[in-house]
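Those letters in the sequence shown? Residues 7 to 86, per the numbering used here, in order.
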Amino acid sequence: MLQVFEAKIKDNKAKLHVGPPVLRLPTGSIFHEVPNARPPKVIGAVKKAMAGDHVELLCPVFSYPEPFARWEKDGAPIGL
């Protein structure tokens, strides 16, 4: 079973941006049923900032099996 989530972000004008989730799998990926699997649980607080401000965004995610998460901007990975 594959569960899909969506990303929601509010900009500084309170405009809500909702984007489709991105699922990228390597060629030749093999899927297996995982007993006792749980969907990811994302926790954290809302961050507000002005343009040009330094912002630290945390992405604590908990699930079984352990998830892999990374940040991207315009399709390119952001170095952390």
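Beta carbons are placed, not taken as given, at the ideal position from N, Cα and C, and that holds for glycine.
In the three-state scheme derived from DSSP, where H, G and I count as helix and E and B as strand, S35 is classed as coil. The secondary-structure analysis by DSSP pairs E78 across a beta bridge with P83.
The C-alpha of P71 lies about 8 Å from the C-alpha of V40. Our two residues, S69 and M56, have alpha carbons roughly 32 Å apart in a direct line.
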